[in-house]
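Each remark here refers to the structure printed beneath this line.
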Amino acid sequence: MNWWQQGVFYQIYPRSFQDSSGDGVGDLQGLIQRLDYLNDGTEQSLGIDAIWLSPFFPSPMRDFGYDISDYCAIDPQFGSMDDFDELLQQAHQRQIRIILDLVVNHTSDQHPWFQQSCDPDSDKADWYIWHKGKQPPNNWLGCFGGRGWSFNAQRQAWYYHSFLPQQPDLNWRNPAVKQAVKQVMEFWLAKGVDGFRLDVVNLYYKDAQLRNNPTDWFRLARPYDRQRHIYDRDQPEMHSLLHEMRHWIDAWPERMMVGEVMLADAGNSDLPASYYGQNDELHLAFNFEFLRAPFKASAFHAIIRKWTELLGSENWPNYTLSNHDFCRHASRYRAGKLTQSRLEILAALLLTLRGTPFLYYGEETGMPEQNVKRRDLQDPVGIRYWPLHPGRDGCRRPMMWDAPLNTFTQGQSWLPDEPVPAHSVTQQQQDPHSLLSWYKKLIWLRKKTPALHQGKLRLLQASADVLAYERSGINAGRTERLLILLNFSNRTQSTSLHPQALATCLLNNKKKDERETSAESLDFHHGRLQLQPLQALVLQLQDDYPLKVYV
């Protein structure tokens, strides 16, 4: 089985992780300083296996790195190429893989490719999507607001941009564009990078005829969300391109691609599943239906079952609950004093499912979403839509290393740095019952347990409030069976699980005494296991005991 199937990924937004220079912006040297926190080879560290780095390439920062002006260099505010080489070397020394954000649906308008494309006689004239005429050719809009077409005075033509006007879309129908992107990938692969996260991968191709998107005029939403995006994304040519890109990357041993698939419908898991192909397109694709699920066992059960069925036996699932574009799940699922227990349930779910988990920096301490005042906003989405939409700055705040004085930077932070003591790494490292300690226990258990990092999954019958599933795999030549029970409710739940079925309790988020590890520490009443409110259990089953769980 491949490393990217077994490992735990950790997304880092470099601007907000650790600043080493004092300019208030996180950088590569700062990240190097924190690698031992992520994985020093011992269970005192978090134990992650791979880092997904959001962009650190040269950029005018109109969209904070997702508007790239040079794909093969480092923006000076993040460091130098020597710093990146050191990061790669130090990470690999700790058995941490590095994957990069590949943002190739669009570039910055300051990229030399676009600058040359503005000349109709240039050899890059057809590298972007242009239309010559008095008006734009269709009704396509920009995801960040406004129309999707802007007029370029130099060329006297319109160019298309899925996002900001400063982010013109590449023309993937031009073979030269494909070849240029391949060369970018090969540049980083040759350096030793372990893979790529493909930004908005389903937007690469647009309708060749530039037809209008249908509009639902009666839908209560902003204009962009009223459109049915059938011509500005998800074109059939995308599958042949991904097949070709898979061939490129598979030529390099042990490399991988994970794709971000933009969803118009939050419940459309079929779309990201389709971009796996038959294990010959993306290695992994994010399923945002899982991220958007309500805090209900029945909801997660349905989404997991659907996702598993859609992918079949050929493709490998992955799961995530937070990233740089969404409100942090610590705030989405908050419930007053019950919040930590809820987060423990979700961490257990994320790290015991069959599939690759992706964590977002700070989630291991329950780092919350923090509002940013209007005068401090940086995100173009928040600036445009304030106060109707707060933007994405709240989920990109500096990592809470310490509190009340944070060690993220010695300067003025690029976003307000207001650490919460209860969510600081320093405070939680000293508490064996903290959320950070729970994440460490889960990750290190996952590492040493084949049933968890590569085994089979069987969803079990349970009540609407309890999520129950079995994980099984071969360990030291024998079949190992684990039972995961997650009580999503605030009430005690009774199960028909008999104590004789259990070999031991591997993890229990409600145990009072750190020495309690055996099944005897659990609450059985008349031969029935009683689940405490918001209890998460990872149980090892007896090899020969039939498993029936009814809750």
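Using the numbering used here, you'd call the opening residue of the sequence shown number 492 and step up by one each time. All C-beta atoms in this analysis are idealised placements derived from N, C-alpha and C, irrespective of residue type, glycine included.
Measuring alpha carbon to alpha carbon, tell me which of HIS944, LYS797, TRP935 and THR898 ends up nearest VAL1043. Lying before the first or after the last residue shown, residue 1043 is absent from the chain, which here runs from 492 to 1042.
Given that a residue counts as buried once 16 or more other Cβ atoms are within 10 Å of its Cβ, and exposed if not, what is ALA953? Working through the sequence shown from its first residue, we reach residue 953 at position 462. By the 10 Å Cβ count, ALA953 comes out buried.
Please list the segments of the alpha helix (DSSP H) lying wholly inside the region 738-774, counting only runs of 4 or more residues, in order along the chain. Runs of the alpha helix (DSSP H) inside the region 738-774: 761-765.
Nearest CA to the CA of ALA992: which residue from LYS625, LEU1020 and LEU977? Taking the sequence shown and counting its residues from 1, the one referred to as residue 992 is at position 501. Looking at the Cα atoms, LEU1020 is the closest of the given residues.
Answer yes or no: do VAL749 and PHE709 have a C-beta to C-beta separation smaller than 9 angstroms? For this step, residue 749 is matched to residue 258 along the sequence shown. For this step, residue 709 is matched to residue 218 along the sequence shown. In this structure, the beta-carbon distance from VAL749 to PHE709 does not fall below 9 angstroms.
How would you label LYS931, buried or exposed, when you count the other beta carbons within 10 angstroms and need 16 or more for buried? Along the sequence shown, one-based indexing puts residue 931 at 440. Buried, by the Cβ-count rule.
For LEU632, tell me which candidate among THR843, ARG717 and ASP518 has the shortest Cα-Cα distance. The sequence position of residue 632 within the sequence shown is 141, counting from 1. Here the closest residue by C-alpha is ARG717.
For ASP1034 and GLY946, the rounded distance between their alpha carbons: Start at 1 with the first residue of the sequence shown, and residue 946 comes out as number 455. Start at 1 with the first residue of the sequence shown, and residue 1034 comes out as number 543. Computed Cα separation, rounded: 15 angstroms.
Tell me whether ASP432 is buried or exposed, calling it buried when 16 or more other Cβ atoms sit within 10 Å of its Cβ. Since the first residue shown for the chain is 492 and the last is 1042, residue 432 is missing from the structure and cannot be characterised.
GLN658 vs ARG553 beta-carbon contact at 9 angstroms: Numbered from 1 along the sequence shown, position 167 holds the residue referred to as residue 658. Numbered from 1 along the sequence shown, position 62 holds the residue referred to as residue 553. Taking 9 angstroms as the cut-off, the beta carbon of GLN658 is found closer than this to the beta carbon of ARG553.
According to DSSP, simplified to helix, strand and coil, what is ILE503? For the purposes of this step, residue 503 is identified with residue 12 of the sequence shown, where counting begins at 1. In the structure shown, the three-state DSSP call for ILE503 is strand.
Can you look up ARG592 in the DSSP assignment and give me helix, strand or coil? Along the sequence shown, read from residue 1 onward, the residue named residue 592 stands at position 101. Correcting the residue type first, residue 592 is Asp in the shown sequence and not Arg. Looking at ASP592 - three-state DSSP - the assignment turns out to be strand.
Within a Cβ cutoff of 7 angstroms, which residues of the same chain sit near ARG746, ignoring the five residues on either side of it in sequence? Translated into positions along the sequence shown, residue 746 becomes position 255. The beta carbon of ARG746 sits closer than 7 angstroms to the beta carbons of LEU680, ASP685, GLY686 and ILE740 from its chain, once the five residues preceding and following it are set aside; these are given in chain order.
Taking only three categories from DSSP, how would you classify CYS886? As a working note, residue 886 is residue 395 in the sequence shown. Of the three classes helix, strand and coil, the one that applies to CYS886 here is helix, per DSSP.
Assuming ALA784 contacts VAL957 (C-beta within less than 8 angstroms), just tell me the rounded distance between them. Numbered from 1 along the sequence shown, position 293 holds the residue referred to as residue 784. Numbered from 1 along the sequence shown, position 466 holds the residue referred to as residue 957. The Cβ separation is near 15 angstroms, so there is no contact.
Going by C-alpha distance, which of SER599, SER925, GLY902 and SER641 is nearest LYS1002? Position 511 of the sequence shown holds residue 1002. Of SER599, SER925, GLY902 and SER641, the residue nearest in Cα terms is SER925.
How big is the Cα-Cα spacing for ASN693 and GLN726? Here residue 693 corresponds to residue number 202 of the sequence shown, with the count starting at 1. Here residue 726 corresponds to residue number 235 of the sequence shown, with the count starting at 1. Per the coordinates, the alpha-carbon of ASN693 lies some 8 angstroms from the alpha-carbon of GLN726.
Three-state class that DSSP yields for HIS924 in the structure shown: Counting from 1 along the sequence shown, the entry for residue 924 is found at position 433. Three-state DSSP puts HIS924 in coil, outside helix and strand.
Opening and closing residue of the alpha helix (DSSP H) in which PRO603 lies: In the sequence shown, counting from the first residue as 1, residue 603 sits at position 112. First-last of the alpha helix (DSSP H) with PRO603: 603-608.
Cut-off 6 angstroms between Cβ atoms - residues of its own chain near ASN999, not counting five sequence neighbours on either side: Position 508 of the sequence shown holds residue 999. For ASN999, where only same-chain residues beyond five positions count, the Cβ hits under 6 angstroms are LEU1028.
Once the 5 residues before and after PRO889 are set aside, which same chain residues still bring their CB inside 6 angstroms of it? On the sequence shown, residue 889 is found 398 positions in, with the first residue counted as 1. Answer for PRO889: SER507, PHE899, SER904 and ASP908, listed in chain order.
Whole-Å CB distance - SER928 paired with GLN919, under 8 angstroms assumed: If you number the sequence shown from 1, residue 928 lands on position 437. If you number the sequence shown from 1, residue 919 lands on position 428. Between the beta-carbon of SER928 and that of GLN919 there is about 7 angstroms, and that keeps the pair under the 8 angstroms contact cut.
Report yes if the C-beta distance between ARG585 and ASN665 is below 9 angstroms; otherwise report no. Here residue 585 corresponds to residue number 94 of the sequence shown, with the count starting at 1. Here residue 665 corresponds to residue number 174 of the sequence shown, with the count starting at 1. Not in contact: ARG585 and ASN665 (Cβ atoms no closer than 9 angstroms).
Less than 8 angstroms separating the Cβ of VAL1029 from some heavy atom of the ligand HEM? Because no ligand of any kind appears in the structure shown, any question about the ligand HEM cannot be addressed here.
On a CA-only basis, which of LEU950, ASP698, GLN496 and GLY513 is nearest GLY902? Give me that one, please. As a position in the sequence shown, residue 902 is number 411, starting the count at 1. Ranking the options by Cα distance to GLY902, first place goes to GLY513.
May I ask which residues mark the beginning and end of the beta strand (DSSP E) holding TYR960? Residue 960 sits at position 469 when you count from the first residue of the sequence shown. That run of the beta strand (DSSP E) goes 957-966.
Please classify TYR1041 as buried or exposed, where buried requires at least 16 other C-beta atoms within 10 Å of its C-beta. Within the sequence shown, numbered from 1, the residue matching residue 1041 stands at position 550. Confidence in TYR1041 is poor, its pLDDT being 48 and thus under 50, which makes the residue's placement unreliable; the coordinate value appears in the next sentence. TYR1041 is classed as exposed because its beta carbon has fewer than 16 other beta carbons within 10 Å across all chains shown.
Nearest candidate by alpha-carbon position, reference ALA955, set GLY532, ARG972, ASP816 and ALA793: Stepping through the sequence shown from its first residue, residue 955 is reached at position 464. Checking every option, the nearest Cα to that of ALA955 belongs to ALA793.
What residue range does the alpha helix (DSSP H) around ARG1043 cover? As displayed, the chain neither begins before 492 nor continues past 1042, which places residue 1043 out of reach and without an answer.
What residues in its chain sit with their C-beta under 6 angstroms from that of HIS820, if we drop five residues either side in the sequence? Start at 1 with the first residue of the sequence shown, and residue 820 comes out as number 329. These residues qualify, in order along the chain: LEU812 and SER813.
Note down, in chain order, each residue of its chain lying with its Cβ closer than 8 angstroms to the Cβ of LEU579, except the 5 sequence neighbours on either side. Residue mapping note: residue 579 aligns to position 88 of the sequence shown, counting from 1. Exclusion of the five residues before and after LEU579 leaves ILE589, LYS682, GLY683 and VAL684 as the residues of its chain whose Cβ lies within less than 8 angstroms of its Cβ.
Between the beta-carbon of GLU971 and the beta-carbon of PRO941, is there less than 9 angstroms? Locating residue 971 in the sequence shown gives position 480, where the first residue counts as 1. Locating residue 941 in the sequence shown gives position 450, where the first residue counts as 1. Yes.
With a threshold of 16 other CB atoms inside 10 Å of the CB of GLY882, please say whether the residue is buried or exposed. Position 391 of the sequence shown holds residue 882. Buried, by the Cβ-count rule.
For LYS1003, does the three-state DSSP call read helix, strand or coil? The residue you call residue 1003 lines up with position 512 of the sequence shown. Shown here, LYS1003 sits in coil according to DSSP, grouped into three states, outside any helix or strand.
Would you report the Cα separation of MET736 and LEU1013, rounded to the nearest angstrom? For the purposes of this step, residue 736 is taken as the residue at position 245 of the sequence shown. For the purposes of this step, residue 1013 is taken as the residue at position 522 of the sequence shown. C-alpha separation (whole angstroms): 50 angstroms.
The region 496-505 in contact with the region 850-858 per 3-pair CB rule at 8 angstroms: Yes, since at least three Cβ pairs between the region 496-505 and the region 850-858 fall closer than 8 angstroms, the two stretches touch.
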